[in-house]
Amino acid sequence: MPDDRIGFVSDNVRSRYPFFGFPDGATFPDLYWSIVHTGMSTAESLVVPPADYLAMIVNSRRANPVLDFRKRYQVEGSAVDLQCHHRALPDGWTAQVRVDVAQLRVRGWVAGTAPRSVFEMLNTVHETERFEALLNRLSLGVAIVGRDRSVRWANAAARFALLGGLGCTVQDGRLVALDAAADIRLGELVQAAADHGRGGFLGMPSASNPTMVSVGAGLSVGDAVILIPPPAPVEAVVRDALGTLGLSPGQCDVALSIVTAGGPAEAAASTGRAYATVRKQLVRIYAVLGLSFGVTSQRALAHLIGQVASIAGARPQQMRMLGYEDC
Numbered sequence: 001m002p003d004d005r006i007g008f009v010s011d012n013v014r015s016r017y018p019f020f021g022f023p024d025g026a027t028f029p030d031l032y033w034s035i036v037h038t039g040m041s042t043a044e045s046l047v048v049p050p051a052d053y054l055a056m057i058v059n060s061r062r063a064n065p066v067l068d069f070r071k072r073y074q075v076e077g078s079a080v081d082l083q084c085h086h087r088a089l090p091d092g093w094t095a096q097v098r099v100d101v102a103q104l105r106v107r108g109w110v111a112g113t114a115p116r117s118v119f120e121m122l123n124t125v126h127e128t129e130r131f132e133a134l135l136n137r138l139s140l141g142v143a144i145v146g147r148d149r150s151v152r153w154a155n156a157a158a159r160f161a162l163l164g165g166l167g168c169t170v171q172d173g174r175l176v177a178l179d180a181a182a183d184i185r186l187g188e189l190v191q192a193a194a195d196h197g198r199g200g201f202l203g204m205p206s207a208s209n210p211t212m213v214s215v216g217a218g219l220s221v222g223d224a225v226i227l228i229p230p231p232a233p234v235e236a237v238v239r240d241a242l243g244t245l246g247l248s249p250g251q252c253d254v255a256l257s258i259v260t261a262g263g264p265a266e267a268a269a270s271t272g273r274a275y276a277t278v279r280k281q282l283v284r285i286y287a288v289l290g291l292s293f294g295v296t297s298q299r300a301l302a303h304l305i306g307q308v309a310s311i312a313g314a315r316p317q318q319m320r321m322l323g324y325e326d327c
């Protein structure tokens, strides 16, 4: 109000200053001194004596119809940055809007540019929502964390991966690796990315699906970006492993079809190959795997594929879906 009395306070502002209570007739100087006495603003941060600082901001508000500035407060030992907007109204009142910069979420952390005013922040809400929707459609997990690994934002794929315990999870709001050694290394990578812009990769051991995550620097200092790949389809993992064991792509097709379809005739029908071709491929498969792995029968082949699937991280229900009933 023109006489510095506080005429209206939103619920958000009340929650930000619980120590004040905003009694009837309270003035802006009353709130200011309460903030100083609680330590949210210190004499050191004000640069000039508190009384002089109060006179300066009151005179500045009265002399300038519009003010945009950023203010840092100390709340429970942590710094909180507020983007502030003061606007003089025709009736002599002054509207004051304060927005926590941390609430910018994706735009501030990914775009790397901080808005210069409250109205710029409000104008980017729609842009932020569209950007979040785009990231939520990705199968790639994207998480933004602070140097202390506090999770500031995560897209849908990352939240699913963290809930599923794919090598890492969230405890007390912080990203942690399930493996103790990996957790130590994760902390080192996040700090290096957040403070120095250095990225890296880390394998996350897991009982279900081992995960290789990427840790990179966020565009804002103090942030790191965690990329969590989607779980590879079990069949693709098994196919790749069989190729490593010496089978050709065609032989991998036949080996998987033999296990899932039930026999050479069924494999021929499911792959579209001639029955004789499937039989020849099966003989070659036994020749490749028989010497090293003793695979000379369909049952032995199913057992080997089941072992490969298990090592690759397939869950029992996934193995049953592929027909690995004997494993």
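Numbering follows this note's numbering, with no gaps: position 275 of the sequence shown is 275.
C-beta atoms are modelled at their ideal positions from N, C-alpha and C, and glycine is treated no differently.
Just so we're clear, the structure is a prediction, and the values are computed from it rather than from any experiment.
Reduced DSSP category for residue i - H, G, I as helix; E, B as strand; rest coil
i: V295; result: coil
i: G306; result: helix
i: D172; result: coil
i: R198; result: coil
i: L67; result: strand
i: D253; result: helix
i: G141; result: strand
i: V75; result: strand
i: A26; result: coil
i: R149; result: coil
i: L135; result: helix
i: A274; result: coil
i: G203; result: strand
i: S41; result: coil
i: I226; result: strand
i: G243; result: helix
i: D183; result: helix
i: G290; result: helix
i: V58; result: helix
i: T219; result: As written in the sequence, residue 219 is Leu, which differs from the Thr given in the question. Looking at L219 - three-state DSSP - the assignment turns out to be coil, as it is neither helix nor strand.
i: S248; result: coil
i: D4; result: coil
i: S34; result: helix
i: S214; result: strand
i: D91; result: coil
i: V99; result: strand
Whole-angstrom distance between residue j and residue i, CA atom to CA atom
i: G246; j: L163; result: 36 Å
i: A161; j: T277; result: 42 Å
i: E76; j: L256; result: 59 Å
i: N136; j: N155; result: 5 Å
i: A217; j: A143; result: 12 Å
i: A55; j: S41; result: 15 Å
i: S78; j: R149; result: 15 Å
i: A182; j: Q307; result: 25 Å
i: V48; j: F69; result: 18 Å
i: A193; j: A158; result: 19 Å
i: N59; j: L138; result: 51 Å
i: S117; j: R98; result: 10 Å
i: D3; j: P230; result: 60 Å
i: Y17; j: A51; result: 20 Å
i: A63; j: F20; result: 27 Å
i: V170; j: L189; result: 17 Å
i: N12; j: L134; result: 29 Å
i: V221; j: E120; result: 21 Å
i: L219; j: G141; result: 18 Å
i: W33; j: D24; result: 17 Å
i: S377; j: V237; result: The structure shown has nothing for residue 377, since the chain only spans 1 to 327.
i: W153; j: F131; result: 13 Å
i: S297; j: G272; result: 22 Å
i: G200; j: P29; result: 50 Å
Cβ separation of residue i and residue j, assumed to be a contact under 8 Å, to the nearest whole Å
i: L301; j: V259; result: 7 Å
i: D100; j: L89; result: That belief does not hold up - the Cβ atoms of D100 and L89 are roughly 24 Å apart, past 8 Å.
i: V176; j: I226; result: Actually they do not touch by this definition, with Cβ atoms about 12 Å apart.
i: V84; j: Q96; result: Sequence check: residue 84 is Cys here, not Val. With 8 Å as the limit, C84 and Q96 qualify as a contact, their Cβ atoms being about 7 Å apart.
Same chain, Cβ closer than 8 Å to residue i, five either side skipped, listed in chain order
i: R14; result: F22
i: R72; result: S45, A79, V80, D81 and L82
i: Y53; result: L46 and V47
i: G39; result: Q74
Pair within 8 Å by beta-carbon distance, residue i and residue j
i: R61; j: T94; result: yes
i: R147; j: D195; result: yes
i: P264; j: R284; result: no
i: I228; j: V215; result: no
i: G250; j: Q281; result: yes
i: A267; j: A274; result: no
i: L31; j: I57; result: no
i: T128; j: G167; result: no
i: G173; j: V151; result: yes
Contacts around residue i, its chain only, beta-carbon distance under 7 Å, and the 5 residues preceding and following it disregarded
i: V295; result: Y286, L289, L301 and L304
i: F293; result: L304
i: R185; result: L202
Chain-order list of residues whose beta-carbon lies under 6 Å from that of residue i (same chain, five-residue window excluded)
i: A239; result: Note on residue identity: the sequence assigns Arg, not Ala, to residue 239. Result list for R239: C252, in chain order.
i: V9; result: F22
i: V66; result: R87
i: Q191; result: R147
i: R198; result: A192
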